[in-house]
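Chains as they are written, first to last, in the working numbering: chain Y, 1 to 113; chain E, 1 to 116. Virtual Cβ for every residue (Gly too), placed ideally from N, Cα, C. Have a look at the structure below, then the notes.
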């Protein structure tokens, strides 16, 4: 089955700086990579996703890159704000059917004002 | 956007009792629902995949007789924790998916279970 590793487990940045979270996956069949933000006690929220036929995707301050050959993908948050503080999960799945999503271990991001 | 609800949002029960958690897709028909368990400061761990009208598929290590899943309709799946023990205390989250939503998973708000 799929195995998703995520680093770092915790990340502290100053407000306005950038934050980068990295993930690797093991199953070459995975073709869809969503990123979720989860605040304490709440449901995960999809913040951005990328498919395997795309190398990079950007949405305002958030970007995701994918290296399919190396099975690496990363989340980049620029100009961080205190409200970005949360736990972020990467995930991998094989889109196109009712495939289960495998989550990474999570990164607790703290943005220091 | 698609809305998924869970009920109850939190529950406290005594050890040895059973608890039922409901997951509903409010504005779309969910052919498949997923049940996750999340312990504090940990990731979401898939427990089982539930398809409407058929038996759930459980992940390795999840006791199917302890965690009963029923997906009786296209908008409702239930998870029953039977003979609950304190180690079953966790945050249980469901998600729903359908072909019409391009298989994207929409998460419920979660249920906090505390077993005393």
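{"query": "Starting from residue 104(Y), find everything on chain E with Cβ-Cβ shorter than 7 Å and list it in chain order.", "result": "43"}
{"query": "Determine, using beta-carbon pairs with one atom in the segment 66 to 76 of chain Y and one in the segment 18 to 28 of chain Y, whether at least three such pairs fall under 8 Å.", "result": "yes"}
{"query": "Candidates 28(Y), 41(Y), 7(Y), 14(Y): which alpha carbon is nearest residue 1(Y)'s?", "result": "28(Y)"}
{"query": "Count the other C-beta atoms from every protein chain shown that fall within 10 angstroms of the C-beta of residue 10(E), then say buried if there are 16 or more, exposed otherwise.", "result": "exposed"}
{"query": "Is the segment 30 to 39 of chain E in contact with the segment 86 to 96 of chain E, if contact means three or more CB pairs nearer than 8 Å?", "result": "yes"}
{"query": "Got a sec, what are the start and stop residues for the beta strand (DSSP E) residue 26(E) sits in?", "result": "Counting along the chain, residue 26(E) falls outside any beta strand (DSSP E), and DSSP gives it neither H nor E."}
{"query": "Buried or exposed for residue 50(Y), please, with buried defined as at least 16 other CB atoms from any protein chain shown within 10 angstroms of its CB.", "result": "buried"}
{"query": "I want to see whether chain Y comes within less than 8 Å of residue 80(E), judged by CB atoms only; does it?", "result": "no"}
{"query": "Among 8(E), 54(E), 79(E), which has the Cα closest to the Cα of residue 125(E)?", "result": "Chain E is shown only over 1 to 116; residue 125(E) falls outside these bounds and no answer can be derived."}
{"query": "Looking at chain E, which residues of the segment 39 to 55 of chain Y have a Cβ within less than 9 Å of any of its Cβ atoms?", "result": "41, 42, 43, 44, 45, 46, 49"}
{"query": "Could you confirm whether any beta carbon from chain E is found closer than 8 Å to the beta carbon of residue 20(Y)?", "result": "no"}
{"query": "In its own chain, which residues sit with a C-beta less than 8 Å from the C-beta of residue 67(E), not counting the 5 before and 5 after it?", "result": "35, 47, 48, 58, 79, 80, 81, 82"}
{"query": "Write down the C-beta distance between residue 39(Y) and residue 80(Y) rounded to the nearest angstrom, noting that I regard them as a contact closer than 8 Å.", "result": "Going by Cβ atoms, the distance from residue 39(Y) to residue 80(Y) rounds to 15 Å, so no, they are not a contact pair."}
{"query": "For chain E, check one thing: does any of its Cβ atoms lie closer than 8 Å to the Cβ of residue 64(Y)?", "result": "no"}
{"query": "Look up residue 45(E) in the DSSP assignment and give the residues it is bridged to.", "result": "37(E)"}
{"query": "Rounded to whole angstroms, what is the Cα-Cα separation between residue 87(E) and residue 110(E)?", "result": "18 Å"}
{"query": "Look at the alpha carbon of residue 116(E) and the alpha carbon of residue 33(Y), and state the distance between them as a whole number of angstroms.", "result": "38 Å"}
{"query": "From this set, 45(Y), 110(Y), 106(Y), 71(Y), which residue's C-alpha is nearest residue 45(E)'s C-alpha?", "result": "106(Y)"}
{"query": "Using a Cβ cut-off of 7 Å, which residues of the segment 93 to 115 of chain E contact any Cβ in chain Y, in chain order?", "result": "93, 97, 103, 105, 107, 108, 109, 110"}
{"query": "Have a look at 62(E), 33(E), 19(E) and flag the residue whose alpha-carbon is nearest the alpha-carbon of residue 108(E).", "result": "33(E)"}
{"query": "Are the beta-carbon atoms of residue 24(Y) and residue 71(Y) separated by less than 8 Å?", "result": "yes"}
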